[in-house]
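Every letter in the sequence shown is one number past the one before it in the numbering used here, and letter 135, counting from 1, is 202.
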Amino acid sequence: MSRSSKELYVKKIKNGTVIDHISAGHALDVLKILGIDGREGHTVSVAMNVLSEKQSKKDIVKVESRELAPGEVDKIALIAPGATINIIRDYEVAEKTRVKLPDVIKGIIRCANPSCVSNAGEPVEPRFTVERTDPLKMRCYYCARIMEKQDVLKQFYA
Ligand code: CTP
Ligand code: ZN
């Protein structure tokens, strides 16, 4: 029997969002993407490096009384491609979706190349082609710069 079927690490929530199957070590990055630092008043539970059913490690974030915006879900997909978003209503999982990185990423992150046309102050929306999701590798449509997870994380903390 797996660890998680014997006991819960953090108790079930009544209403809100559970982001589950986050790549181990990225729970705090997910909170950063959501703009949650604890001062907004939401009840938030975080579990890090817990054993999943598949005996691999994962992180979990539970945010009470808060649902996610589509742009937030896309950002989570960049750093946690296996994450699931569970909408909880009255203690039940009302919706479960696995995050999905589109083949082309538009607008949510900037190119790391300062000379790229998308950074030139022109009305050019950043655009990347996803070449690999895990580990992340994407290519700028304009300058061919390769961006990886660390480049993306840097922007979330900038
Ligand atoms: N959860 C919660 N509060 C609830 C219901 C569920 O915190 N009221 C959490 C569970 O602890 C789990 C996630 O939401 O982390 C998804 O719940 P569920 O679908 O019941 O679990 P699994 O079947 O194990 O999900 P999966 O197949 O996606 O691993
Ligand atoms: Zn570029």
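Think of the CB as a built atom: it goes at the ideal place given N, C-alpha and C, for glycine as much as any other residue.
Can you find at least 3 beta carbon pairs, one from the region 102-122 and one from the region 76-93, that sit closer than 8 Å? Contact check between the region 102-122 and the region 76-93: three or more CB pairs, one atom from each, fall below 8 Å, which counts as touching.
Quick one: what does DSSP say Asn186 is sitting in, helix, strand or coil? It is helical.
Proximity test, Ser119 beta-carbon vs the ligand ATP heavy atom, cut-off 8 Å: Absent from the structure shown: the ligand ATP. Ligands present: the ligand CTP and the ligand ZN.
Evaluate Asn153 with the Cβ neighbour count: other Cβ atoms within 10 Å of its Cβ, from every protein chain shown; 16 or more gives buried, anything less gives exposed. Asn153 counts as buried, since at least 16 other C-beta atoms from the protein chains shown sit within 10 angstroms of its C-beta.
Roughly how many angstroms separate the alpha carbons of Asn186 and Lys121, rounded to a whole number? The straight-line gap from Cα to Cα measures roughly 42 Å.
Confirm the yes/no value for this check: CB of Tyr224, any heavy atom of the ligand CTP, distance under 8 Å. Incorrect: Tyr224 has no Cβ contact closer than 8 Å to the ligand CTP.
Same chain, Cβ closer than 6 Å to Ala225, neighbours up to 5 away in sequence not counted: Nothing meets the Cβ criterion.
C-alpha gap between Ser69 and Asp201, whole angstroms: Note that Ser69 has pLDDT 48, beneath the 50 cutoff, so the model's placement of it is unreliable and no number is given.
Could you check whether the Cβ of Asn153 sits closer than 8 Å to any heavy atom belonging to the ligand ZN? No, the Cβ of Asn153 stays beyond 8 Å of every heavy atom of the ligand ZN.
With H, G and I counted as helix, E and B as strand and the rest as coil, what does DSSP make of Lys221? In the structure shown, Lys221 sits in a helix (DSSP, three-state: H, G or I).
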